[in-house]
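For this note's numbering, count along the sequence shown from 1 and bump the result up by 4.
For every residue, glycine included, the Cβ atom is placed at its ideal position computed from N, Cα and C.
On a predicted model such as this, the values are computed, not experimentally measured, just so you know.
Step one of this worksheet: look at the structure below.
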Amino acid sequence: MKPQCIFLTLMLAVAVIILACPAQADSGTPGVLYQSNFVTDPHWTTNNPSSDYWDPTEEMYHFAIQPSTGNYAYSSPINYNGGSFTLEYDVIIEQMDPGATFRMGFTSDNMDFNKGPNVITAFTNSKYGMIMILHTVTQSAIQTEVTSDTSSYGGPTVTYQLNTTYHVKADYNNDTNIVTETVTNKQTGQLLWSYYTPSPSPLKGMNRVYLGNVGDYGTMGIYAVGWIDNVQLMVPASATPATPTPLPISSQPTYAINQTTMVSTLATYTPIPTVTHKSPLSEMIAFAALGIIGVIVVARSANKKR
């Protein structure tokens, strides 16, 4: 084969490969550490498969959490080396008996929400009603917690409804050590509740997405029952670290349980802007087009020499 033909073949192959390859996340796109939409079996580990299981018909993951049983379900190990992250998921709660709690978050291998390190979002049915919770524990076992009850965060008490799909997001900003929980109605997009709590020290050492009640010593025979879907854990791209936005300080105290170091103030919540990143697909197509043009030029040159 003539050198010109070999060159033409290689250039065509490069162009085809570039066009065929899917667009990859650019340096400004958050990196996905874990995700599952439960269309296929996620192979979560559980100690109670009769209560916590993947349902292929519903294409969701079922849970039934009963206090004091220590039941859990968690994803495969996740490679997380510290830093900011965002955990998102959808949840439908079908049953929430008084005293029961659904917990889900990013945690360590001990999976005890009292010991940490962890960031736990929760829905409960307490004396304050059916409220939401944001709970964090550092590696040194310092706990902070805020709930959607007025006695905790100072705003109006916000409650959730059964048989409603909620989208839950937990954002951790490693620069400010602030964790924010945002709950929206998935069908309407309406914001239900959003607030945050500062962590006394950086959060790290987590390695799995988890749901369950390890460390709960409540009354048995009551249940939190429902479904989760569309779980995703992301970290910002290392090439574009987030610049923290200074937040004004309010005089409202942080609600905390079993906390050895109290945090006296909470920052007034400021919605975290969603950054839309440009897809690199157009750049790939442009590069491929240049390659194809080069092929045509070389081909014409070869034909002239014949």
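Which residues mark the beginning and the end of the beta strand (DSSP E) in which residue i is found?
i    : result
S88  : Taken as a continuous stretch (DSSP letters only), S88 belongs to no beta strand (DSSP E), as it is neither H nor E.
S40  : 35-40
T168 : T168 -> no beta strand (DSSP E), and no H or E assigned at all.
T111 : 105-111
M115 : No beta strand (DSSP E) holds M115; DSSP gives it neither H nor E.
Bridge partners of residue i, per DSSP?
i    : result
S130 : G133
W197 : V187
E149 : H139
P204 : DSSP output for P204 lists no bridge partner at all.
D59  : M64
Q99  : V229
T125 : M108, L138
Leaving aside the five residues before and after residue i along the sequence, list all residues of the same chain whose C-beta is less than 7 Å from its C-beta, in chain order.
i    : result
P81  : N211, R212
S144 : S205
Quick check on the DSSP output: the alpha helix (DSSP H) that includes residue i runs from which residue to which?
i    : result
Y221 : No alpha helix (DSSP H) holds Y221; DSSP gives it neither H nor E.
Y227 : No alpha helix (DSSP H) contains Y227, which DSSP labels as neither H nor E.
Y164 : Careful: Y164 lies outside any alpha helix (DSSP H) and carries neither H nor E.
T44  : Where T44 is concerned, there is no enclosing alpha helix (DSSP H), given that its DSSP letter is neither H nor E.
T154 : 154-157
Once you ignore the five residues that flank residue i on each side, which residues in its own chain have a CB closer than 6 Å to its CB?
i    : result
E92  : K173, Q236
T50  : D56, A77
Q39  : Q236
T186 : K173, S198
H171 : D94, T188, K190
V229 : A68, E98, Q99
Can you grab the Cα-Cα spacing for the pair residue i / residue j, in whole Å?
i    : j    : result
L215 : A68  : 10 Å
G103 : Y132 : 11 Å
P71  : N217 : 6 Å
P277 : D175 : Summary for P277: the model assigns pLDDT 41, below 50, so the residue's position carries little reliability; its value from the coordinates is reported in the next sentence. Between P277 and D175, the C-alpha separation is close to 12 Å.
I182 : S203 : 6 Å
T280 : Y221 : Only weak support exists for where T280 lies, its pLDDT of 38 falling under 50; the value from the coordinates is given anyway. Distance between the alpha carbons of T280 and Y221: 43 Å.
P206 : M238 : 17 Å
G120 : I137 : 16 Å
G35  : T223 : 40 Å
H139 : P53  : 26 Å
P240 : Y200 : 19 Å
F117 : D233 : 21 Å
Y164 : L196 : 8 Å
Y65  : D179 : 33 Å
R107 : A126 : 4 Å
E149 : T184 : 11 Å
S88  : G225 : 38 Å
D113 : Y84  : 13 Å
If the criterion is Cβ atoms closer than 8 Å, does the pair residue i and residue j meet it?
i    : j    : result
I135 : D153 : yes
G109 : N129 : no
Under 8 Å, Cβ to Cβ, is there at least one residue of chain D near residue i?
i    : result
Y214 : The structure shown contains no chain D, having only a single protein chain.
Using C-beta distances below 8 Å, list every residue in its chain close to residue i, excluding the 5 sequence neighbours before and after it, in chain order.
i   : result
D45 : W58, P60
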